[in-house]
Amino acid sequence: MISLTDQAFDPGTLLSNFCRGRTETGAVASFVGLARAEGGAAAVLELDAYPGFTEAQIAQHVATAQSRFELQDVRIVHRIGAIGPGEPIVFVATAASHRRAAFEACDFLMDYLKSRAPFWKKETGPDGARWIEPRPQDLTDLARWETR
Amino acid sequence: MAKVLLFGALSDLAGWREKTIEVDSIADLRLKLGAEDAALGEALKGPGVQVAVDQAIVRHDTALTAASEVAFLPPMSGG
Chain A
107 MISLTDQAFD PGTLLSNFCR GRTETGAVAS FVGLARAEGG AAAVLELDAY
157 PGFTEAQIAQ HVATAQSRFE LQDVRIVHRI GAIGPGEPIV FVATAASHRR
207 AAFEACDFLM DYLKSRAPFW KKETGPDGAR WIEPRPQDLT DLARWETR
Chain B
61 MAKVLLFGAL SDLAGWREKT IEVDSIADLR LKLGAEDAAL GEALKGPGVQ
111 VAVDQAIVRH DTALTAASEV AFLPPMSGG
């Protein structure tokens, strides 16, 4: 399931709910991305999305993950709107029979979300506002999956 | 006519997010937007700006109808 929300979320509750009732799963991996303060340079992060399109694009990538790894289930929650330092921005959880698939699929999905999913991120601080584009490292991370 | 949507830095630059414009193709739309706002016209040609028509990415010029929704998508960054 994929959700966009403009409300703060509790990653612990999401993870507990995702784990509940799984008798054949064996492995759940999760990732939580938090907004960094950047030493005071980023007082507010604003996340823009294209409702409908953003979820559909992520769903396509989840389908790719499901065909590539032996996944049983995926949960993605992504914040939109204004986010303060320290608040969770993104939650990804993957469920599989064995840990390798769960770890790798979680990593794969996050690399996609960082630099290919339809979100636009603006950081506002004392020196004004700037739109953030993927860092070279984000693109290197993503490229790892193209050669495997 | 088409519903035109701008996202991220493009919408900040233009000062609007959504507009209805009388056009019959993407090329025509680019010309009209550039004539109205030269900086926006340039930015739309920028590297990494993708175009979606009715929520599907298009690679080439495409005919538009009154019901078309055209979105200009600058480089993306989530998480």
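If you read the protein sequences in the order shown, they are chains A and B.
One gets our numbering by counting positions in the first sequence from 1 and adding 106 to each.
One gets our numbering by counting positions in the second sequence from 1 and adding 60 to each.
C-beta: ideal position from N, C-alpha, C; glycine also.
- Distance between Pro-232 (chain A) and Val-150 (chain A), taken at the CA atoms: about 10 Å.
- Following the DSSP letters along the chain, one finds Val-198 (chain A) inside the beta strand (DSSP E) bounded by residues 194-202.
- Below 8 Å, too few C-beta pairs join the region 114-129 of chain A and the region 75-86 of chain B to call them touching: fewer than three.
- Cβ atoms of Ala-165 (chain A) and Cys-212 (chain A) stay farther apart than 8 Å, at about 17 Å.
- For Met-136 (chain B), at least one C-beta of chain A is nearer than 9 Å to its own C-beta.
- Taking the Cβ atoms as the reference, Leu-66 (chain B) lies roughly 5 Å from Phe-132 (chain B), within the contact range of under 8 Å.
- Looking at A:Ser-109, A:Ala-148, A:Thr-246 and A:Glu-176, the one whose alpha-carbon comes closest to that of Arg-206 (chain A) is A:Glu-176.
- DSSP, reduced to helix, strand and coil, places Ile-81 (chain B) within a strand of the structure shown.
- In the DSSP assignment, Trp-251 (chain A) is bridged to no other residue.
- Between Ala-123 (chain B) and Ser-85 (chain B), the C-beta gap is smaller than 9 Å, which places the two residues in contact.
- A Cβ of chain B is located within less than 9 Å of the beta carbon of Pro-224 (chain A).
- At a Cβ-Cβ threshold of 9 Å, Val-183 (chain A) and Leu-120 (chain A) count as neighbours.
- The C-beta of Gly-139 (chain A) comes closer than 9 Å to at least one C-beta of chain B.
- Using a 10 angstroms sphere on the CB of Leu-140 (chain A), the tally of other CB atoms stays under 16, which defines it as exposed.
- With fewer than 16 other Cβ atoms inside 10 Å of its own Cβ, Ser-122 (chain A) counts as exposed.
- For Gly-145 (chain A), there are no C-beta contacts with chain B under 7 Å, since the nearest C-beta of that chain is about 20 Å from it.
- Here Leu-153 (chain A) really is in contact with Arg-185 (chain A); their C-beta atoms are around 6 Å apart, less than 8 Å.
- For Gln-163 (chain A), the enclosing alpha helix (DSSP H) covers residues 159-174.
- In the DSSP assignment, no residue is bridged to Glu-239 (chain A).
- In this structure, the straight-line span from the alpha carbon of Val-198 (chain A) to that of Gln-172 (chain A) is close to 14 Å.
- In this structure, the beta-carbon distance from Gln-178 (chain A) to Ala-202 (chain A) falls below 9 Å.
- Apart from sequence neighbours up to five positions away, the residues of its chain that approach Val-118 (chain B) with a beta-carbon distance below 6 Å are Val-111, ordered along the chain.
- In the structure shown, Ile-86 (chain B) falls within a helical segment according to DSSP collapsed to helix, strand and coil.
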